[in-house]
Amino acid sequence: MALPVDRRRQTRKRAGVARIVERADISARVRGVLDELSNVLNARFEPALRGALNDLEQQLFKLAEQARNNAEQELAYASLREVKRGRADIGPRFAAAIESDLASFDREPEPVPASSVGPKLELMQEHVFEEDLALREIASRAEVRASEQLYELGHRFAVLAALPVFESERVPAGPQRVLQALRGAVAELDLPTAHRVLGWRLFEKRALGEAAPFYTEINDLLIARRILPNLIVYRHSRGASEAGASATADAPATPTSAPPAPAGAASGVIGHAVRAGGAAQGEPMQGGGHGYAASGPAPEHGGLAGHGGLGGAVGQHSLPADAAGSDEMPLFDTLRELLAQRRRMTGQVDESGDGPDASREQVQAALQALQARPPATGGKPGASTQRLRQDLQGQLRRYSKDGKTPQLAPVQRDTVDLVSMLFDNLQREVRMGGAAQRFLGKLQVPLLRTALDDPAFFSQRNHPARKLLNTVTETAAYWVDSADGEADPSLVQKMQTVTERLLHDYDGDSGLYVHLLTDLERHMQTLARRAEMSERRHVEAAQGRDRLDAARARAEEIIAQRLVGTRPSSLVRTLLEQAWTDALTLAIVRHGEDSDVFRERIATVEALLQRNPGDDIGKLQTEVQHGLQQVGLHTPDAEAIARKVLDQPVIDFSGEPVSQTELALKLKQRQRLGDDAGEAASRPVDAPLNAEEQRMLERLKSIPFGSWFEFQRNQQGDIVRRKLAWFSPVTGRCLFVNQRGQRAEERTLARLARDMVRGQIRLVVETQTSLVDRAWSSIVETLKKFTGRGPEPVPAGAPA
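Quick note: to get my numbering, add 141 to the position in the sequence shown (first position is 1).
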């Protein structure tokens, strides 16, 4: 069913969206292509949206029928009525937004204002945050399913726009843009977040469940219109080890002149030539399986930073082996030379037999058989090299002829040894028996197969396989193994999915690394955003608590000054030192010392201590009662205490008079403002610091928020990481959170300084190198010690 034309026009007029027909500044050919795309998208999304709205109405009715209480049922029925009321306008708004997205495809996104750069000290509304997470999750699933098709669309739209390659989030009609259009289309509906997200998921099932064939259809349409018809998606060649030398990914990328566009590649539509399968404007291609275009310098290392943050950007992956420069093979040869010299120095005997050298196909088939086996668990790090060699040699016996078993060629044997050394080193860096060791066991054989085919694995920091290895290892080490409580179940499940899929599905296509790396990094970005929001809430709570403590100290000082030289009754003294101190604290926090409320509280104190016969007893009693109710006393108790401190009789329910002792006991047993139950009694008193501890305290006062510390949990040396989210320079209170942004513990700066001097806590020094880079550095240094050689070139990212 086509959308009514008049309704579309009204929607465009109201929303001020762009129209394709109004783009007189682009060629007629481009407008024709965009118009065809608009028709295809409308034909796809209109029935899907209509079906999703029908599904939503059914689900809301079902939720109402199955509601556990009247409130839930009424909420579901209200949402159902709202959907029925507004659904007639959703389709036109959505279609207009999709067409506007196409019409403005070549316009650069608005720059981020300078004032918005950096963290904002404000809370995001929770429902907005939940909606953002839901949309990002839906878009991520669709992008993973259709990443190759979206990559091609990014190049073809870049050709039409005469711009660099579009990232997936900028591709018109890509999952993110479609979902943003849907979000805007339903924005005027008054729906709770849960029901809104339900509708988006139903739309995902209808419209984006089969994303790859749909985006293939769009690519086919553009190919039919001769928009990059010869574009080739790079897939890593299994014979890359025989390819020519290539450059390391760390070398600065300098623009080069692009070759002429292939015949029929729509060169008349664009203002620059584009190489089929390459990036626009001579930019070097990146991406083992997708060829993501580099948009800036390569990150220091991929995956998770070692301190809970996110390093590396999604979509920035390594150069293909045959598209890089000329330094990786010399680096690999250097590693082999160091390894050979170590064998000679240690007297290792060549255990290879007299059989012929195994072919690449034989070695890969043998490793594929090992890959199908359950990965070995446990064992002492360092034993994997010999075990893997033996298992691989055992598999090669299947190819024996005339009693001679094929043997690993020297380059193959060296590759096996180097990869095994890498994994042994990583096993020693992570916790024994932890999740990181389990996941490393699943990665070893697939990564060995990659290294045998592509020596760039040893030299390129941004190699997809190397980035995935680093991301998995650091994620498991810092987010799973270091969790003092139960690790995030969704993260553990994601890690298992990624490693299991690589173990079962890898068959020489390095594009799988890019898929899995993108999927895992996006999941980690979601967790990082949640952690940031949780941390922000805890910091604001701690800051509020600090202000409360400062106000209480000021209130206690004021009350103590007023009590000097007076002799109040025990009940009045208890009232002033307990409940009224809290009431005065509350007045300072909420209104300040210059407020009328604060002055009224002080006047009440003075009236209770220096009562005159002409005082208005009724007014004073009302003020005392009101102040006590504000700090948590129930009305009967507040009224009784207010009467008793003014020497008026108080009678209980049995008709017996209530004594001052009973009321004073109630005041003392009452929980103080801002105190958790039993906190005051359990709060330790810090002993005076010695000279060394005092110096450490002064150092800590200059440490920035966000620094990470390692806490020793027990005598066995187990370590957990904590982030210093905030501390008060006035009270010295510190707030530590874990990787998930949850409050781990609070302590004072003085106690922290004392524990650091004792060696129970240490500051983690930030490093720009990843676990994999540090492992390579350790391997190279170890090989040098055996050979006695000076500094040699080391793998990219590994400091010499």
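C-beta atoms are modelled at their ideal positions from N, C-alpha and C, and glycine is treated no differently.
Treat the numbers as computed from the prediction; the structure is a model and nothing was measured.
A residue is called buried when at least 16 other Cβ atoms come within 10 angstroms of its Cβ; lysine 635 meets this threshold and is buried. Alanine 348 is not a Cβ neighbour of phenylalanine 202, given a cutoff of 7 Å. Of the candidates Glu271, Asp646, His767 and Ile368, the residue whose Cα lies closest to the Cα of leucine 668 is Glu271. Relative to aspartate 660, the option among Arg277, Asn210 and Glu177 whose CA is nearest is Arg277. For leucine 657, the closest C-alpha among the options Ala592, His679, Pro551 and Asn611 is that of Asn611. Under the 10 Å beta carbon count, arginine 677 is surrounded by 16 or more other beta carbons and is classified as buried. In the three-state reduction of the DSSP assignment, phenylalanine 344 falls in the helix class, which pools H, G and I. Cβ-Cβ separation between arginine 881 and serine 675: approximately 7 Å, consistent with a contact (criterion under 8 Å). Boundaries of the alpha helix (DSSP H) around tryptophan 721: 720-732. DSSP, read as helix, strand or coil, puts lysine 842 in coil. No Cβ-Cβ contact shorter than 7 Å links threonine 546 with leucine 533. Counting along the chain, phenylalanine 852 sits inside no alpha helix (DSSP H); it lies in the beta strand (DSSP E) bounded by residues 849-853. A check of alpha carbon separations from aspartate 788 across Gly768, Leu774 and Leu761 identifies Leu761 as the nearest. Collapsing the DSSP output to three states places leucine 876 in a strand. Measuring C-alpha to C-alpha distances from alanine 335 to each of Ala280, Asp361 and Gln200 identifies Gln200 as the nearest. In the DSSP annotation of this structure, valine 171 is not part of any beta strand (DSSP E); the continuous alpha helix (DSSP H) holding it starts and ends at 169-206.
The three-state secondary structure of arginine 602, taken from DSSP, is coil.
Around alanine 885, the same chain offers Arg863, Phe877, Val878 and Asn879 as residues with beta carbons nearer than 7 Å, after the five sequence neighbours per side are excluded.
Leucine 865 has Phe877 as its beta-bridge partners, per DSSP. Taking the C-beta atoms as reference points, alanine 159 is found no nearer than 7 Å to serine 288.
The beta-bridge partner set that DSSP reports for glutamate 886 consists of Phe877. Looking at the backbone, the Cα of arginine 222 and that of proline 188 are separated by about 21 Å. For glutamine 578, DSSP records no beta bridge to any residue. Runs of the beta strand (DSSP E) lying entirely within the region 495-568 and spanning at least 3 residues: none are present. Leaving aside the five residues that flank leucine 653 on each side, the residues in its chain whose CB is nearer than 8 Å to its CB run, in chain order, Gly430, Arg642, Leu643, Asp646 and Tyr647. At a Cβ-Cβ threshold of 7 Å, proline 605 and serine 541 do not count as neighbours.
With respect to leucine 330, glycine 227 sits close: the two C-beta atoms are nearer than 7 Å. Shown here for threonine 556: same chain residues with a beta carbon closer than 6 Å to its own, the five before and five after excluded, namely Ala592 and Leu593 in chain order. Look at isoleucine 902 here: in three-state DSSP terms it is strand. Under the Cβ criterion (8 Å, minimum of three pairs), the region 202-211 does not count as touching the region 290-306. Counting C-beta pairs with one atom in each stretch, the region 725-744 and the region 761-772 have three or more that are closer than 8 Å, which means they touch. Rounded to whole angstroms, the gap between the alpha carbons of arginine 477 and leucine 549 is 15 Å.
Rounded to whole angstroms, the gap between the alpha carbons of phenylalanine 307 and histidine 296 is 6 Å.
Distance check between glycine 192 and each of Arg811, Leu304 and Phe344 places Phe344 closest, using alpha-carbon atoms only. Bridge partners of isoleucine 792 according to DSSP: Pro798.
Each residue's CA atom was taken as its position, placing arginine 742 and alanine 724 some 8 Å apart.
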